[in-house]
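First to last, the protein sequences are chains A and B. Following my numbering, the numbering of the first sequence begins with 1 at its first residue and continues without gaps. Following my numbering, the numbering of the second sequence begins with 1 at its first residue and continues without gaps. We put the CB at the ideal spot given by N, CA and C, even for glycine. Nothing here was measured: the structure is a model prediction, and the numbers come from that model.
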Amino acid sequence: MYKRFMKLITFLSILITPFLLVNTKALAKTTKVGFVYLTTPGDHGWTYAHEIGKQMVEKEFGNKVKISVVENVPEGPDATRVIRELAKQGNEIIFTTSFGYMEPTLKVAKEFPNVKFEHITGYKRSKNVATGNIRFYEGRYVQGVVAGLMTKTNKIGYIGAYPISEVIMGINAFAQGMRSVNKKATISVIWANTWYDPVKEADAAKVHIAEGADILAQHTDSPAMLQIAEKKGALGFGQSTDMGAFAPKAQLFASINNWGPYYVEKIKQLRNGKWNTGDGPNHWPGNTWGGMSTDMLLLSEFKNMPSDVAAKAKKAHDGIKSGKIKIFAGPLKDNSGKEILASGKELDDGALWGMNYYLDGVTGKVPK
Amino acid sequence: MLIFTPRTIQSNHWVLIGPLISIILTIMIGALIFKMLNYPVTESLYQVFISPFSRVDRIADILVKACPLIIIGIGLIFCFRANIWNIGAEGQFIIGTLCAGSFALLFPENNNHILLLSMFLVGFLGGALWASIPAILKIKLNVNEILVSLMLVYVAMLFIDFIVRGPLRDPMSFGFPLSKPYPDGAIISKINFPGIGYLGQLHYGIISILFLAPFSWFLINRTLPGFQIKVFGSAPKASSFAGFNKNKITLGVLIMSGGMAGLAGVIEVSANMGQLQPEVSFGYGFTAIIVAFLGRLNPYGVIIAGLVIATAKLGADNAQMILGIPKVVTGIFEGILLFFLLAGETIQNYKVSLKRNS
């Protein structure tokens, strides 16, 4: 019996050998680009926005780039392995598109000094690791303007993922936008304690509506909030990508993360031999922290609102884009009345990342 | 109608040939799926099944990926042999990691590996403590351990999330949820092979399996407690006639498997991450249940099963990198493989015959 078994093994090894000799040939003159995704892209939200960015790269460069994507990569040792593998396979630039890939990216970057790494939304970087991030809060200012004009109950329901600086600066930007048109409305925040959980997000939306909110905003990733708004006759804003298809009557507009131009730019730099990590070490958030002015943040079409509101929203958008509107300009007071910033000054980027207070217009306290 | 009659004599050869046939059948079905989806068949099969072995460092990566699965799996053997259903190894892994991590962060300047050794102990105790909750509830109040151990997973997940975002958050992290890095003494280093250097992420933690597997095998097969566990699991009445203490066994096996899960967590995080983060386990505790059964509740079998599952995961990554095959497609393979392996096991233990209903 064991003889036969050994024969079987030998037979199998003969079968297998040709595969082992297959060699992936390097294609000349093309740039190999790697992407690491946190989830499968699906049709909405964070990773889908990156997928659209990747498609822009394909469109721009055609067969001058060869793209490898790995989706569903957990933010632990798997990420290290996948990023290293992408580097080994000759990818010259690798985009790691979630915060949790920061340490894995840095670890692998040390081993491959000639490969360029682009980490999305982190705060640590090195010679060959650049950071890309979007000024998400700019879109939230415009949301605040629209919410302030549209609300009848003067109650805005806001769903936040976690009480971290990025989310808090978004809430405060929303409040600034709202206060610019409406002195009475208030924002109440529910923490979902997740970036993506349709059930929790839907529950939070229901609570907000039950408490009288007629406009909902979210800093979480699923379309669940908008779907609830659609059902209950409330209005709201989409996140990361246009979510109008999920709530055609409820979505006022969505802030769209537009990574494409950034990706295209960085790959161009690489192809020209001019890749660099961005704005310089003193510019805290990095290397690249782009917003409306560089088209990294777009707004979807204004819908479900009267034309005068849409016109004011557009004005707010244009103002931020041109730099005329300064979102966090003094005088700023927190919601207990304490002065944060005197008139005539403006918060710098470092101060934004240190935000641990709510500005006037938001109810409650930041959880410690 | 299919009738399953237990086989009185089981062929020894089939223990080896059964899994082999399952793998071959999986490959054949896989080829069919790739053909239907218009992917290059041979290249796809190569990426999924063979590419994980095509370089030494990739083999090393298999070991790294399998390491936590194997350690948790070995621990679970004790429970499953005793017919105690610990579904919460994921939570025990997390709590073990959290305890050991918090302990390590108490000594920020330490670079002595005694710290690491004490972390093993703390991690084991943490996991064991978490697993003893379902044990005590079962002993005292006859609460179902499946439900309690499972639900404690979610408690553990939320707890580490809270700790990493709150008390243990690195003040330099701009509000992002990460702890401070572990001190040097708490880090398991990568293996530096003379002349070759590092192979992937291969770390010294792997060596622990070489101790844990024989130790567990000995405990189960050559000691009185091991014998008691087996009797208790397969014939509870006989075990009570023999005067074995049911409560002691229940508590013992849960402590053992919870402790091992905690230990796996310490090794995984000390070797690969070097700090605490909201997510430290990525379903290892649940996958390890499959691994334990696939390895037929035998420590050495668990090693092989862990390697098989790890290979499938790595192959799926490679297939997507090179050929753009979505993970969902390669995920089907794991399912098919498990299906055939379990079917093979069933056929091995039972004679299947067809009976027509009149």
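Judged by DSSP secondary structure, residue 267(B) falls outside any beta strand (DSSP E) and instead within the alpha helix (DSSP H) spanning 246-272.
Residue pairing of residue 157(A) in beta bridges, as defined by DSSP: 188(A), 216(A). Judged by pairs of C-beta atoms under 8 Å, the segment 213-228 of chain A touches the segment 238-249 of chain A, as three or more such pairs exist.
The residues 77, 80, 81, in chain order, have a CB closer than 6 Å to that of residue 297(B) in the same chain once the five nearest residues on each side in sequence are set aside.
Between residue 312(B) and residue 327(B), the gap from beta carbon to beta carbon reaches 7 Å or more.
In this structure, residue 135(B) sits near residue 254(B), with a CB-CB distance shorter than 7 Å. With a cut-off of 8 Å on Cβ pairs, the segment 178-187 of chain B is not in contact with the segment 37-46 of chain B, counting fewer than three such pairs. The beta carbon of residue 39(A) lies closer than 7 Å to those of 47, 71, 72 in the same chain, with the five residues before and after it left out. Interface with chain B (7 Å Cβ-Cβ cutoff): residue 159(A) is excluded. For residue 262(A), the uninterrupted alpha helix (DSSP H) segment begins and ends at 260-271. DSSP places residue 313(B) within a helical segment (H, G or I) once states are collapsed to three. When 9 Å is used as the limit between beta carbons, residue 84(A) is near these residues of chain B: 57, 61, 200, 201, in chain order.
Excluding five sequence positions before and after residue 90(B), the CB atoms of its chain that fall closer than 6 Å to its own CB belong to 153, 281, 285, 286, given in chain order. When CB distances to chain A are screened at a threshold of 9 Å, the residues of the segment 267-280 of chain B falling below it are 268, 269, 271, 272, 273, 274, 275, 277, 278, 279, 280, in chain order. Distances from the alpha-carbon of residue 134(A) to those of 208(A), 229(A), 291(A), 150(A) put 291(A) closest. The alpha carbon of residue 70(B) has as its nearest neighbour, out of 250(B), 208(B), 342(B), 137(B), the alpha carbon of 208(B). From the listed residues 100(A), 188(A), 44(A), the smallest Cα separation to residue 277(B) is found for 100(A). Residue 182(A) and residue 344(A) have their C-alpha atoms roughly 22 Å apart. For the segment 18-51 of chain B, the set of residues with a beta-carbon nearer than 9 Å to any beta-carbon of chain A comprises 20, 24, 42, 43, 45, 46, 49, 50, 51, in chain order. Taken in chain order, the members of the segment 65-80 of chain A whose beta-carbon sits within less than 9 Å of a beta-carbon on chain B are 67, 68, 69, 70, 71, 72, 73, 74, 75, 76, 77, 78, 80. Straight across, the Cα-Cα distance linking residue 331(A) with residue 325(A) is about 14 Å.
Less than 7 Å separates the beta-carbon of residue 258(B) from that of residue 127(B). Excluding residues up to 5 positions away in sequence, 348, 349, 350, 351 lie with their Cβ nearer than 8 Å to the Cβ of residue 7(B) in the same chain. Put simply, the CB of residue 317(B) is near chain A, with a gap under 7 Å to one of its CB atoms. DSSP, reduced to helix, strand and coil, places residue 71(A) outside both helices and strands of the structure shown, so it counts as coil.
Here residue 168(A) really is in contact with residue 356(A); their C-beta atoms are around 7 Å apart, less than 8 Å. Against residue 165(A), the close residues of chain B are 174, 175, 176, in the order they occur along the chain (beta-carbon pairs closer than 9 Å). About 5 Å separates the beta carbons of residue 353(A) and residue 165(A), which is inside the 8 Å limit, making them a contact pair. Within 10 angstroms of the beta-carbon of residue 119(A) lie 16 or more other beta-carbons, which makes it buried. Under the three-state reduction of DSSP output, residue 228(B) falls in the helix class. For the segment 277-305 of chain B, the set of positions with a beta-carbon nearer than 9 Å to some beta-carbon of chain A reads 277, 278, 279, 280, 281, 282, 283 in chain order. With a beta-carbon spacing of about 7 Å, residue 45(A) and residue 222(A) fall inside the 8 Å limit used to define contacts. Take the alpha-carbon of residue 294(B) and the one of residue 305(B): they are about 6 Å apart. The C-alpha of residue 215(B) lies about 15 Å from the C-alpha of residue 263(B).
Judged by DSSP in its simplified three-state form, residue 140(B) adopts helix. For residue 186(B) and residue 98(B), the gap between their C-alpha atoms comes out near 13 Å.
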